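Read through the structure below, which is laid out as structure tokens, and then see the notes.
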């Protein structure tokens, strides 16, 4: 790999090293840029394909992979089309959303797409709350799912907002956004709860501090890490 920092094989080995196995339920956040140059990844399409194939090589047909396909539509005063509104958070998320077998939640702010046998259970018939009781993140936790962060630390995990709401931290509060959702040819008006941050507060959660403390304590049973290329990947069991 003279002109690259890591290969698909390196990524697969790292995914196994952090505890991912066949049949797992995994929610991922990724920033491939932080890992450096991927062998044979000379286009965003090829990079996305290699990431996709690497995960399912580990998870197999019995595993379920969930990917954020956030749009923030209602926050921007826009309608949300479940099938057609593109993800606004990266090339891989949009690639994943358009794969055969992918389904998408009808959350007009923080939609999630999934492939695998548990996708429908997690992404269908959701309450109108992005991070509240029985939300996607609550269901992942109850099903003993894992978070996998690629090239990102804990600050990149939207899951922490679910924890924030669960603990009702004072730095955030429930705000409601309304708009129109188009799904299966039908349009409806809904109002969704989003646990937002107080913009005028002096206090705010600091996930970087949490991450430093985890490293210092070397709590490998909670947060597993593996070096890949110029960066690292990590996994956390949500139930922990």
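Numbering (UniProt numbering), first residue to last: 1 to 240.
Even glycine gets a Cβ: it sits at the ideal position worked out from N, Cα and C.
Note that the coordinates shown come from a computational prediction; the quantities given were computed from them, not determined experimentally.
Would the beta-carbon of residue 231 fall within 7 angstroms of that of residue 151? As a first step, residue 231 must be located in the chain shown, where it is residue number 231. As a first step, residue 151 must be located in the chain shown, where it is residue number 151. Taking 7 angstroms as the Cβ cut-off, residue 231 and residue 151 qualify as a contacting pair.
Spatial distance of residue 137 from residue 159 (CA atoms): In the chain shown, the residue the question calls residue 137 occupies position 137. In the chain shown, the residue the question calls residue 159 occupies position 159. Straight across, the Cα-Cα distance linking residue 137 with residue 159 is about 6 angstroms.
Leaving out five residues on either side along the sequence, give the residues of the same chain with a beta carbon under 7 angstroms from the beta carbon of residue 24. The residue labelled residue 24 in the question sits at position 24 within the chain shown. These residues qualify, in order along the chain: 59, 63 and 146.
Nearest neighbour of residue 54, chosen from 8, 46 and 154 [CA to CA]: In the chain shown, residue 54 corresponds to position 54, counting from 1. The option with the nearest alpha carbon to residue 54 is 8.
Just mark residue 16 as buried or exposed, buried being the case when its beta carbon has 16 or more other beta carbons within 10 Å. Here the question's residue 16 lines up with position 16 in the chain shown. Exposed, by the Cβ-count rule.
At a cut of 8 angstroms, does the segment 69-79 reach the segment 122-131 through at least three beta carbon pairs? No, the segment 69-79 is not in contact with the segment 122-131.
What three-state label does DSSP hand residue 143 in the structure shown? Against the chain shown, residue 143 aligns to sequence position 143. Coil, per DSSP.
Under 7 angstroms Cβ to Cβ from residue 162, same chain only, skipping five residues before and after it: list those, please. Along the chain shown, read from residue 1 onward, the residue named residue 162 stands at position 162. The residues are 131, 135, 137 and 138.
Return the CA-CA distance between residue 181 and residue 229, expressed in angstroms with no decimal places. Position 181 of the chain shown, counted from the start, is the residue given in the question as residue 181. Position 229 of the chain shown, counted from the start, is the residue given in the question as residue 229. Computed Cα separation, rounded: 41 angstroms.
For the ligand MN, is there a heavy atom less than 6 angstroms away from the beta-carbon of residue 145? The ligand content of the structure shown is nil, which means the ligand MN is not present either.
Among all the DSSP beta bridges, which residues are the ones paired with residue 31? For the purposes of this step, residue 31 is taken as the residue at position 31 of the chain shown. Checking the DSSP bridge columns, you'll see residue 31 has no partner listed.
Between which two residues does the beta strand (DSSP E) carrying residue 72 extend? As a position in the chain shown, residue 72 is number 72, starting the count at 1. Counting along the chain, residue 72 falls outside any beta strand (DSSP E), and DSSP gives it neither H nor E.
Applying the 10 Å Cβ sphere with the 16-neighbour rule, what's the burial state of residue 121? Here residue 121 refers to the residue found at position 121 of the chain shown. In the assembly as shown, residue 121 is an exposed residue. Its beta-carbon has fewer than 16 other beta-carbons within 10 Å.
Close beta carbons around residue 143, own chain, < 6 angstroms, minus the five adjacent residues each side: Along the chain shown, read from residue 1 onward, the residue named residue 143 stands at position 143. The residues 25, in chain order, have a CB closer than 6 angstroms to that of residue 143 in the same chain once the five nearest residues on each side in sequence are set aside.
Contiguous beta strand (DSSP E) assignments of at least 3 residues, all confined to the segment 35-93: Within the segment 35-93, complete beta strand (DSSP E) segments of at least 3 residues are found at 64-68, given in chain order.
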